[in-house]
Amino acid sequence: MQKFDTYIDEHGGTPKAPEQTTGKTRDGGSITTGDVPQGYSLTKEINTSSHTGLSYPWGQCTWFVYNRGKEVGVSFGKYMGNGGQWMSAPGYQTTHTPTEHSALSFSPGQAGADPTYGHIAFVEQVKSDGSILISESNIKGLGVVSYRTFDSETAKQFTYVIGH
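In full-length UniProt numbering, the protein residues as written are 1 to 164.
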């Protein structure tokens, strides 16, 4: 971990949160693009103004999912790695069954995820037909929270990390 911290420091450090955002916002921090897709809902509104950085850099997918979990009462570790590494984090159960309030860990390159680091998103809702709504950060830009949906067949291909 020390080498990773040194690497970050040598390459400009963790970016600071913007003082002012543009676009549609729902909170005091990140930009939220668009509304929740029709037919889906959140169990609790997203409020990134209270999100802390800890070991995850502001605005990254890991920062968002770690803090979104806290918002709904689910805990994920402070040092679970890049998004694609969360599925291998020790002490966490994984499943291919879509699970509400879990972390969806995308393998590198899967569903548009970064080809090196993968990606992590938060499962907001699983509908009775098995389709899912996810929220995520840094797909449309650093600190930009956005939503995607996946049909049930696609959703079964992903790995879900169950928080504590």
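Beta carbons are placed, not taken as given, at the ideal position from N, Cα and C, and that holds for glycine. Just so it is clear, the structure is predicted and the values come from calculations on it, not from any experiment.
(message) Tell me the rounded alpha-carbon separation between Tyr56 and Lys156.
(response) When rounded, the distance between both Cα atoms is 27 angstroms.
(message) From the DSSP secondary-structure annotation, give me the bridge partner or partners of residue 169.
(response) With the chain running from 1 to 164 in the structure shown, residue 169 is simply not present.
(message) Let's test the definition: count the other Cβ atoms within 10 Å of the Cβ of Lys24 and tell me whether it reaches 16, buried, or not, exposed.
(response) Residue confidence for Lys24 is low, a pLDDT of 38 falling below 50, so the modelled location carries little weight; the figure read from the coordinates is stated next. Classification of Lys24: exposed, given that the 10 Å Cβ count is below 16.
(message) Within the continuous alpha helix (DSSP H) that includes Thr159, where are the two ends?
(response) Counting along the chain, Thr159 falls outside any alpha helix (DSSP H), though it belongs to the beta strand (DSSP E) covering Thr159 to Ile162.
(message) So the candidates are Gln110, Ala111 and Tyr117; which of them puts its Cα closest to the Cα of Met80?
(response) The candidate whose alpha carbon is nearest that of Met80 is Tyr117.
(message) If you follow the alpha helix (DSSP H) that Ser152 is in, where does it begin and where does it stop?
(response) Run containing Ser152: Ser152 to Ala155, per the alpha helix (DSSP H) assignment.
(request) Throw me the rounded Cβ distance for the Tyr40 and Gln125 pair, which I believe falls under 8 angstroms. (result) About 5 angstroms; that satisfies the 8 angstroms criterion.
(request) Could you pull the start and end residues of the beta strand (DSSP E) that Thr97 belongs to? (result) That residue, Thr97, is in no beta strand (DSSP E); it is neither H nor E in DSSP.
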